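Participant: For what it's worth, my numbering labels the leading residue of the sequence shown as 92, then goes sequentially. Glycine included, C-beta positions come from ideal geometry on N, C-alpha and C. Note that the structure is a prediction, hence the values are computed from the model and not measured.
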Amino acid sequence: MKWQKRARIAIALFVLGFVAVVVLAIRRPQPQPVDDPGVQFTDKAALAETTGGLIRHDWGAGYSLKAETERIYPDGRVVYTEATFDMPDRGGRAVTVSSDELTVGMKEKELGTALLKGNVRLVTDDGLEMRSNEATYSSGEGLLTVPGPVEFTRGRMSGSGVGATYDQNRDVIWLLDQARIQVAPDAAGGGGLEATAGAAGLARGDHYAVLTRGGRIIAPGRDLQADEITIRMTPDNQRIQALELRVNSRITGEAGGADAMSARDIDLLYAEDGRTLRHARLEDNAVVQLPGNGGQGRRVAGRTIDIDMAPDGATVTSLRAAEAVQLDLPAEPGAPQRRIRAATLDASGAAGAGLQAATFTGNVEYRETRGARGREAAIDRTARAATLIVQTAPNLGSIQQADFRGNAEIVDAPDLVARAPRILYHVVGDRMELSPGGGERGPEPEVTDGRANVKARTIDLNVTTRGMIAETDVRSTLLPQQRDGGPQKRDGAGRLPAMLNSDQPVFITSNRLEYDGATEQATYSGNATLWQDETRIQADVLVLDEAAGNLTARTDVRTLMHMTEVDAKSKGRKATETRGWSQTFVYDDASRMATYTTEARITGAHGDLTADKIELFLAKEASDLERAEAYGAVTVREGLRTARGTRLTYTAADDQYVMTGSPGIPVVIVENKPSGCEKSVGSRLTFRREVEHITLETPTGQPCGPEDRR
Numbered sequence: 092m093k094w095q096k097r098a099r100i101a102i103a104l105f106v107l108g109f110v111a112v113v114v115l116a117i118r119r120p121q122p123q124p125v126d127d128p129g130v131q132f133t134d135k136a137a138l139a140e141t142t143g144g145l146i147r148h149d150w151g152a153g154y155s156l157k158a159e160t161e162r163i164y165p166d167g168r169v170v171y172t173e174a175t176f177d178m179p180d181r182g183g184r185a186v187t188v189s190s191d192e193l194t195v196g197m198k199e200k201e202l203g204t205a206l207l208k209g210n211v212r213l214v215t216d217d218g219l220e221m222r223s224n225e226a227t228y229s230s231g232e233g234l235l236t237v238p239g240p241v242e243f244t245r246g247r248m249s250g251s252g253v254g255a256t257y258d259q260n261r262d263v264i265w266l267l268d269q270a271r272i273q274v275a276p277d278a279a280g281g282g283g284l285e286a287t288a289g290a291a292g293l294a295r296g297d298h299y300a301v302l303t304r305g306g307r308i309i310a311p312g313r314d315l316q317a318d319e320i321t322i323r324m325t326p327d328n329q330r331i332q333a334l335e336l337r338v339n340s341r342i343t344g345e346a347g348g349a350d351a352m353s354a355r356d357i358d359l360l361y362a363e364d365g366r367t368l369r370h371a372r373l374e375d376n377a378v379v380q381l382p383g384n385g386g387q388g389r390r391v392a393g394r395t396i397d398i399d400m401a402p403d404g405a406t407v408t409s410l411r412a413a414e415a416v417q418l419d420l421p422a423e424p425g426a427p428q429r430r431i432r433a434a435t436l437d438a439s440g441a442a443g444a445g446l447q448a449a450t451f452t453g454n455v456e457y458r459e460t461r462g463a464r465g466r467e468a469a470i471d472r473t474a475r476a477a478t479l480i481v482q483t484a485p486n487l488g489s490i491q492q493a494d495f496r497g498n499a500e501i502v503d504a505p506d507l508v509a510r511a512p513r514i515l516y517h518v519v520g521d522r523m524e525l526s527p528g529g530g531e532r533g534p535e536p537e538v539t540d541g542r543a544n545v546k547a548r549t550i551d552l553n554v555t556t557r558g559m560i561a562e563t564d565v566r567s568t569l570l571p572q573q574r575d576g577g578p579q580k581r582d583g584a585g586r587l588p589a590m591l592n593s594d595q596p597v598f599i600t601s602n603r604l605e606y607d608g609a610t611e612q613a614t615y616s617g618n619a620t621l622w623q624d625e626t627r628i629q630a631d632v633l634v635l636d637e638a639a640g641n642l643t644a645r646t647d648v649r650t651l652m653h654m655t656e657v658d659a660k661s662k663g664r665k666a667t668e669t670r671g672w673s674q675t676f677v678y679d680d681a682s683r684m685a686t687y688t689t690e691a692r693i694t695g696a697h698g699d700l701t702a703d704k705i706e707l708f709l710a711k712e713a714s715d716l717e718r719a720e721a722y723g724a725v726t727v728r729e730g731l732r733t734a735r736g737t738r739l740t741y742t743a744a745d746d747q748y749v750m751t752g753s754p755g756i757p758v759v760i761v762e763n764k765p766s767g768c769e770k771s772v773g774s775r776l777t778f779r780r781e782v783e784h785i786t787l788e789t790p791t792g793q794p795c796g797p798e799d800r801r
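1) Below 8 Å on the Cβ atoms is my guess for R496 versus E531; work out the distance and round it to an integer in Å.
2) Out of curiosity, what's the CA-to-CA distance linking P536 and I560?
3) Flag this pair as yes or no: are the beta carbons of I309 and E285 separated by less than 8 Å?
4) Verify the CB distance criterion: does T568 have a CB-CB separation below 8 Å to chain D?
5) In three-state DSSP terms, what is E690?
6) The beta strand (DSSP E) spanning H795 covers which residue range?
7) With a threshold of 16 other CB atoms inside 10 Å of the CB of N454, please say whether the residue is buried or exposed.
8) Applying the criterion that 16 or more other CB atoms from any shown protein chain within 10 Å of the CB defines a buried residue, is P505 buried or exposed?
9) So, for R735: in the same chain, excluding its five sequence neighbours on each side, which residues have a beta-carbon less than 6 Å away from its beta-carbon?
10) If you measure between the beta carbons of G239 and E225, is that distance less than 8 Å?
11) What three-state label does DSSP hand D799 in the structure shown?
12) Since I490 is in the beta strand (DSSP E), which residue starts that stretch and which ends it?
13) Can you tell me whether G393 is buried or exposed? The criterion is at least 16 other CB atoms within 10 Å of its CB, across all chains shown.
14) Compute the distance between the beta-carbons of L569 and R542, then report whether it is under 8 Å.
15) Could you tell me the alpha carbon to alpha carbon distance between F105 and R261, rounded to whole angstroms?
16) To the nearest angstrom, how far is it from the Cα of G37 to the Cα of I550?
17) Any idea if E781 is buried or exposed, counting beta-carbon neighbours within 10 angstroms, 16 or more meaning buried?
18) Flag this pair as touching only if the segment 612-622 and the segment 691-705 have three or more C-beta atom pairs under 8 Å; answer yes or no.
19) What's the gap between the Cα of F676 and the Cα of I628?
20) Going by beta carbon distance, what residues of the same chain come within less than 8 Å of D350, once the five residues before and after it are set aside?
21) Less than 8 Å separating the beta-carbons of S616 and V648?
22) Leaving aside the five residues before and after E374 along the sequence, list all residues of the same chain whose C-beta is less than 7 Å from its C-beta, in chain order.
23) If contacts are defined as beta-carbon pairs under 8 Å, then T187 and T172 qualify, I think. What distance do you get, rounded to the angstrom?
24) In the structure shown, what three-state DSSP assignment does G736 receive?
25) Quick one: give me the first and last residue of the beta strand (DSSP E) that H370 is part of.
26) Just how far apart, CA to CA, sit P124 and T325?
27) Spell out the partners DSSP gives P525 in its beta bridges.
28) Identify every residue that forms a DSSP beta bridge with R472.
29) Rounded to a whole number of angstroms, what is the C-alpha to C-alpha distance between R557 and P427?
30) Buried or exposed: S766, going by 16 or more other Cβ atoms within 10 Å of its Cβ?
31) DSSP on H298, reduced to helix/strand/coil?
32) For K770, which of helix, strand or coil comes out of DSSP?
33) So, does the segment 429-449 touch the segment 394-409, judging by three or more C-beta pairs under 8 Å?
34) If I follow the unbroken beta strand (DSSP E) through M248, where does it start and stop?
35) How about L802 and M221: do their beta carbons lie closer than 8 Å?
36) As a quick exercise: from M652, L716, Y606, L635, pick the residue whose alpha carbon is nearest that of E668.
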């Protein structure tokens, strides 16, 4: 600012004028008292008086004095009226000081004090003018004091105050009360400002100015306030280098890329032009409000905040915050409100786009919230990690990607929990990638959603649809389902196949899991194994339809199930082990039917059954086998007996087997007794296991062939 320089020049010239006047008065020969009683002085206390003409004194080197009257008093004072004193200042410029009355007080033939009264005016040839009604100067202290109102102007600058001092030794001026400074706009309409304070100090030699007791600077688009503001100037006092705001500091408006700043203390550094902000530092309870779309800004808080600007002075390219850091991002169309807390924040960006990347460290907490509205569900999502790296839209806009590293955990209320050493959150697609990361600490990747828990080396999760892809060493646990009316009943929990117990967990392992949240279908591939208690299903691929409760297994299928049946002799219920093999296994929950196809085989208490296709029908309320059907090349082996046909039906109610053939393919029974092989063929075989009774319709004996012997 230029007004500091002008004010200091004016006061310095003012003081030099006083000193010159005093010197002239000291050197002036003292008039002798006049004894003529006819002489009448204006002031009878004067020893001598000169009136009635223009008094001039010219001592060379640019010093001159003009006055209407001159009076000399016994105490050494010299009083001039209508005095005008011309002198050069220290820089060689001409200075004119005038007042209605100028009084010089002498002390042991040296200047003691100087008093100016009435229309005190100081004018310099470079445009500075100062006005007051009274001023005093003390040579002992080198201090000029203005007790009342004071005003000044210089070019576009003007100012005022009540009371002022000038310390000649330190070259410092103070406006003691009600300090006000205005700078009018330039020809282009810019550069205007107004500064106010309880008091203002100007230190020309040290190139700074101070606004105290509530300093305030108002400029187009910005308002700076603090208990004290220090303005650091360039060595020529022409441009601002820095502003230092102390205690209750706040800046509002377009303060160099920020809508508002507040802190206990704020330091601003400017570029060489004195207008373009280069750096800002906020200390203690620091808050920065960055502009946003639609007037909704981003708020950054911390104990300290440092900001670096692009060359345009309007774009933030670096922002660093430390201790109790908090970033608040307002809700936007289609996006929830977000808040991030951490120990530190380091954000950066290019000059053309502003901040677009930010790193948070130390107990990071990330939260998204939004109330339910219309068809949009409520959002309450919290994430924690040691470090968070976010990518945003320009100027720290909406978050595009959030990279959580080190003991990362994300909780999506009410029941989704994701944990991993690293979680990469693609905000736009609402998708999370869980991985071991690059050496970050934390549990292995894991997702729990209230009905299943999945662990794997990597997991790709769609948070909205709950779709998931898990890769390598997949371990899935389907959690027990509470009965209807139970205290922990889960809304929307998937159905388990009725062949499994819903009140016990189900475990599945595989190399890969792909879950479609829309269809609620989970596909486990690569050495897939499902088990619960003693039930086990293995295959290359397992597909679990949680919406319908269906289960499909493909390629090298192996099953182990325990089915309940009624003992033929004791009539008691007992569980029997049944093993199965096939290339395809399908369990349909609606019909309670399990189907083995292609190379189908079942072994159990009833023997060994192979066929092209085998169907097992289970009871509606339990894992009881009600009926079994086999088709194609059907073979049953039980003990020494083997039966072959094209269709087999077993009914548990009467514990009866019925085997039939087809045109050209009869039913064949072979018994390999110790005495030899016996073979019979017929059209229909009926076997009741309870009574060990076999009936073969239209039987015919045949010799055993090689395929019959074993």
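Facilitator: In short:
1) Sequence index remark: in the sequence shown, residue 496 carries index 405 (1-based). Sequence index remark: in the sequence shown, residue 531 carries index 440 (1-based). Indeed, because the Cβ distance is near 5 Å, the residues count as touching under 8 Å.
2) Here residue 536 is taken as the residue at index 445 of the sequence shown, counted from 1. Here residue 560 is taken as the residue at index 469 of the sequence shown, counted from 1. Their Cα atoms are separated by approximately 12 Å.
3) Residue numbering aside, residue 309 sits at position 218 when the sequence shown is read from its first letter. Residue numbering aside, residue 285 sits at position 194 when the sequence shown is read from its first letter. Against a cut-off of 8 Å, the Cβ pair of E285 and I309 comes out as a contact.
4) Given the protein chain composition of this structure (a single chain), no chain D is represented.
5) Taking the sequence shown and counting its residues from 1, the one referred to as residue 690 is at position 599. Strand, per DSSP.
6) Within the sequence shown, residue 795 is the residue found at index 704, counting from 1. Rather than His, the amino acid found at residue 795 in this sequence is Cys. Neither: C795 is in no beta strand (DSSP E) and is coded neither H nor E.
7) Walking along the sequence shown from the start, residue 454 turns up at place 363. By the neighbour-count rule (16 or more Cβ atoms within 10 Å), N454 is not buried but exposed.
8) For the purposes of this step, residue 505 is taken as the residue at position 414 of the sequence shown. When all chains shown are included, P505 counts as exposed.
9) As a working note, residue 735 is residue 644 in the sequence shown. If we look at R735 and ignore the five residues flanking it on each side, its Cβ neighbours are T726, V759.
10) Indexing the sequence shown from 1 puts residue 239 at position 148. Indexing the sequence shown from 1 puts residue 225 at position 134. Yes. Within cutoff.
11) Residue numbering aside, residue 799 sits at position 708 when the sequence shown is read from its first letter. Residue state, collapsed to three classes: helix.
12) Taking the sequence shown and counting its residues from 1, one reaches residue 490 at position 399. From DSSP, the beta strand (DSSP E) with I490 extends over 490-503.
13) Taking the first residue of the sequence shown as position 1, residue 393 is located at position 302. By the 10 Å Cβ count, G393 comes out buried.
14) Locating residue 569 in the sequence shown gives position 478, where the first residue counts as 1. Locating residue 542 in the sequence shown gives position 451, where the first residue counts as 1. A contact, by the Cβ cut-off of 8 Å.
15) Here residue 105 corresponds to residue number 14 of the sequence shown, with the count starting at 1. Here residue 261 corresponds to residue number 170 of the sequence shown, with the count starting at 1. Bear in mind that the predicted position of F105 carries a pLDDT of just 37, short of 50, making it unreliable; the figure below should be weighed with that in mind. If you take the alpha carbons of F105 and R261, they lie about 15 Å apart.
16) Past the boundaries of the shown model lies residue 37; the chain is included only from 92 to 801, so the question cannot be answered.
17) As a position in the sequence shown, residue 781 is number 690, starting the count at 1. Flag for E781 reads exposed.
18) no
19) Position 585 of the sequence shown, counted from the start, is the residue given in the question as residue 676. Position 537 of the sequence shown, counted from the start, is the residue given in the question as residue 628. Each residue's Cα considered, the two are about 9 Å apart.
20) Along the sequence shown, read from residue 1 onward, the residue named residue 350 stands at position 259. Excluding positions up to five away in sequence, the list reads T343, G344, Q380, L381, P382, G388.
21) Working through the sequence shown from its first residue, we reach residue 616 at position 525. Working through the sequence shown from its first residue, we reach residue 648 at position 557. Result no, Cβ atoms of S616 and V648 do not sit closer than 8 Å.
22) Along the sequence shown, one-based indexing puts residue 374 at 283. Taken in chain order, the residues that qualify are A354, R355, D356, T395.
23) Within the sequence shown, the letter at position 96 stands for residue 187. Within the sequence shown, the letter at position 81 stands for residue 172. The Cβ separation is near 17 Å, so there is no contact.
24) Mapped onto the sequence shown, residue 736 falls at position 645. Here G736 sits in strand by DSSP.
25) What you label residue 370 is simply residue 279 of the sequence shown in a count that begins at 1. First-last of the beta strand (DSSP E) with H370: 368-381.
26) Along the sequence shown, one-based indexing puts residue 124 at 33. Along the sequence shown, one-based indexing puts residue 325 at 234. Low local confidence applies: a pLDDT of 46 at P124 is under 50, so the model's placement there is unreliable, and no value is given.
27) Locating residue 525 in the sequence shown gives position 434, where the first residue counts as 1. The sequence as given places Leu at residue 525; Pro does not occur at that position. Paired residues: I514, I550.
28) Your numbering for residue 472 matches position 381 in the sequence shown. DSSP lists E459, D503 as partners of R472.
29) Within the sequence shown, residue 557 is the residue found at index 466, counting from 1. Within the sequence shown, residue 427 is the residue found at index 336, counting from 1. Distance between the alpha carbons of R557 and P427: 19 Å.
30) Stepping through the sequence shown from its first residue, residue 766 is reached at position 675. Exposed.
31) Position 207 of the sequence shown, counting from 1, holds the residue named residue 298. Coil, per DSSP.
32) On the sequence shown, residue 770 is found 679 positions in, with the first residue counted as 1. Strand at K770.
33) yes
34) Here residue 248 corresponds to residue number 157 of the sequence shown, with the count starting at 1. Counting along the chain, the beta strand (DSSP E) containing M248 begins and ends at 248-258.
35) Nothing can be reported for residue 802, as the shown portion of the chain is limited to 92 through 801.
36) As a working note, residue 668 is residue 577 in the sequence shown. Nearest C-alpha to E668: M652.
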